[in-house]
Amino acid sequence: MIEKPKGTNDYIYPESQIRKQVINQILSFLEKFGYEPIETPIFENVELFKRSAGISSDIVAKEMYEFLDKKGRQLALRPEITAPVVRAIIQNNLINQPIIKLYYFGNIFRYEKPQKDRYRQATQFGIEFFGIDKPIADFETILIAYNIYKTIFNLEIEIHINSIGCKDCRPKYKNKIYGYFINFKDKLCSDCQRRLEENPLRILDCKNTTCKEISQDSPKSSEHLCLNCKEHFSKLSEILNSQNIPIIQNSLLVRGLDYYNRTVFEVKHNNIDLAGGGRYDYLVNHISQGKYDIPAVGFAGGLERLTNLLKEKKYINKLLEEKFKINIVSLSEKADKIISNIYSKIIDKIIKKNQNIEIHLTKFDNLSKALKTANKLKINYFIFIGEEELKNDEITIKNMETGKQEKIKIENTISKILQIIQNN
RNA sequence: GUGGGUGUAGCUGAGCGGUUAGAGCAGUGGACUGUGGAUCCACGGGUCGGGGGUUCAAGUCCCCUCACCCACCCCA
1244 MIEKPKGTND YIYPESQIRK QVINQILSFL EKFGYEPIET PIFENVELFK
1294 RSAGISSDIV AKEMYEFLDK KGRQLALRPE ITAPVVRAII QNNLINQPII
1344 KLYYFGNIFR YEKPQKDRYR QATQFGIEFF GIDKPIADFE TILIAYNIYK
1394 TIFNLEIEIH INSIGCKDCR PKYKNKIYGY FINFKDKLCS DCQRRLEENP
1444 LRILDCKNTT CKEISQDSPK SSEHLCLNCK EHFSKLSEIL NSQNIPIIQN
1494 SLLVRGLDYY NRTVFEVKHN NIDLAGGGRY DYLVNHISQG KYDIPAVGFA
1544 GGLERLTNLL KEKKYINKLL EEKFKINIVS LSEKADKIIS NIYSKIIDKI
1594 IKKNQNIEIH LTKFDNLSKA LKTANKLKIN YFIFIGEEEL KNDEITIKNM
1644 ETGKQEKIKI ENTISKILQI IQNN
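First residue of the first sequence: 1244, per the numbering used here; consecutive thereafter.
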């Protein structure tokens, strides 16, 4: 037996149905804000990720699925989707538009040790908003992320938010942090001793008790922002507060991708990170190698974390409401043609009227079995022709809930069925 | 990548050195051959995750391996 690769999943009913409905709700919601869909390849040149998400991030440095194709091109399965979107808007000359609002939905791949909520092939949705560097764009992005979880799925969430500064103030802050932690080097955990040299900001994120205590008195990013960054962040906070978006200012929040600047945020439920994002004003410049310079902000959310959570919350029952089901059954070889004809006509009408019903065509030798099967399928109306009906050119229609049934002439079947559908 | 736990029928669980691996649910057939859901009866289904070892004897003990789960790490 060949089994699926580690960290991957098959999604079968009912989970496949839940996923479909959850993602449909999210995507149609995003379109209300004027976002348009974009699709990019699931593999790209390795360089795209190394130069954007950053060589110092674990995602790129340790977790990428890299491979050579038959001509020796260095490729990678995408570990995130922001860099590909940026690449795509540059390559397709969308860059001249004053603002660009895009959303995506697709798989990402990370070579990690799998657990619940964490798979090697995962599904992300997200938005990217290009063209506005003002806090109002950050606000819109956070508002959308908030409403996806709060309004659509009714989840209690926290928005953690921070500003990590810009290319002017961030290096200075980094130096301060380094200068602070170097004094405690021996007390830091082994990971943090390594981080101190690679990216000292990450120490702020450490869960080790000693490191946490040391971090308490470290220089706070909010106190080391330049005036512009400080103003940007305080304006954003003001707007969010005025709209009663429950934010938690978390000066220890540092995100794992190198391209962020200024605003970074995470959407959390209990301790689960549902989504993360922020501003990346230099990424377009970076990927276009200095040709274009466009500010941007966005976020990405994980579909699996959301659906796993919804399963626990029993929200899914709502998503799996039964459709109205009709079963058309032949009980005799001689009835097959008539039944098939009725079936195809009904299907034709349903398609034209866009009715939300489910229709099953079955064939049994014995009525008892046919009914048992219909029962398992949770059929609402059971319609059949057997020897008895054939004698008088009739068809029997049975309501499975009440058990009531009636015989009608075959030629009246379609209009009767349509009438039943209409009434339900 | 580090540490820990789990893996027995389609699903959920017993069994923890000793007959032919046991149960509930699900499935199939029948009681009931043109009327379902209920009940009763019968039946089918297992390389006990995989490989190796210890032993007269291994689902049970040991080693390796694979997968899943948990805590780190990291992150969606």
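Cβ coordinates follow ideal geometry from the N, Cα and C atoms, glycine included. Quantities reported herein were computed from a predicted structural model and do not represent experimental measurements.
Which residue or residues does DSSP assign as beta-bridge partners of residue i?
| i | result |
| --- | --- |
| Leu1320 | Phe1286 |
| Glu1371 | Leu1345, Gly1541 |
| Ile1602 | Ile1569 |
| Tyr1624 | Ile1569, Asn1642 |
| Ala1518 | Val1510, Gly1544 |
| Gln1358 | Arg1361 |
Return helix, strand or coil for residue i, following the three-state DSSP convention.
| i | result |
| --- | --- |
| Ile1351 | strand |
| Thr1616 | helix |
| Phe1382 | helix |
| Asp1363 | At residue 1363 the sequence reads Arg, which differs from the Asp that was named. Note: Arg1363 maps to coil in three-state DSSP. |
| Pro1280 | strand |
| Glu1637 | strand |
| Leu1444 | helix |
| Pro1327 | helix |
| Ile1304 | Checking the displayed sequence, the identity of residue 1304 turns out to be Ala instead of Ile. Here Ala1304 sits in helix by DSSP. |
| Asn1252 | coil |
| Glu1555 | helix |
| Tyr1535 | coil |
| Gln1334 | helix |
| Phe1607 | coil |
| Glu1564 | coil |
| Glu1631 | helix |
| Glu1246 | coil |
In terms of residues, what are the limits of the alpha helix (DSSP H) holding residue i?
| i | result |
| --- | --- |
| Ser1458 | 1452-1459 |
| Lys1596 | 1579-1596 |
| Ile1651 | Counting along the chain, Ile1651 falls outside any alpha helix (DSSP H), though it belongs to the beta strand (DSSP E) covering 1648-1652. |
| Ser1433 | 1433-1441 |
| Thr1656 | 1656-1665 |
| Leu1526 | 1526-1530 |
| Leu1270 | 1258-1274 |
Which residue comes first and which comes last in the beta strand (DSSP E) that contains residue i?
| i | result |
| --- | --- |
| Phe1310 | 1309-1311 |
- Touch check for the stretch 1272-1283 and the stretch 1300-1310: three-plus C-beta pairs under 8 Å? no
- Query: Are there three or more Cβ pairs, one per stretch, closer than 8 Å when the stretch 1569-1581 is compared with the stretch 1416-1433?
  - Reply: no
- Any beta strand (DSSP E) of 3 or more consecutive residues that is wholly inside the stretch 1397-1431: 1401-1406
- Query: Along the chain, which unbroken stretches of the beta strand (DSSP E) at least 3 residues long are found entirely within the stretch 1452-1514?
  - Reply: 1490-1492, 1504-1512
- For the stretch 1331-1344 and the stretch 1260-1268, state whether three or more C-beta atom pairs, one from each stretch, are separated by less than 8 Å. At 8 Å Cβ cutoff, the stretches do not touch.
- Taking contact to mean at least 3 C-beta pairs separated by less than 8 Å, is the stretch 1341-1359 in contact with the stretch 1483-1498? no
- Cβ contact check for the stretch 1511-1528 and the stretch 1326-1333: 3 or more pairs under 8 Å: yes
- Message: Taking 8 Å as the cut-off, does the stretch 1457-1465 touch the stretch 1403-1413 (at least 3 CB pairs, one atom from each stretch)?
- Response: yes
- Inter-stretch contact (C-beta, 8 Å, three-pair minimum) for the stretch 1360-1377 and the stretch 1533-1545: yes
- Message: Pairs of beta-carbons, one from the stretch 1617-1629 and one from the stretch 1639-1652, closer than 8 Å: are there three or more?
- Response: yes
- Message: Within 8 Å, do at least three Cβ pairs link the stretch 1563-1571 to the stretch 1603-1612?
- Response: yes
- Query: Taking one C-beta from the stretch 1388-1398 and one from the stretch 1548-1561 each time, how about it: are there three or more such pairs within less than 8 Å?
  - Reply: yes
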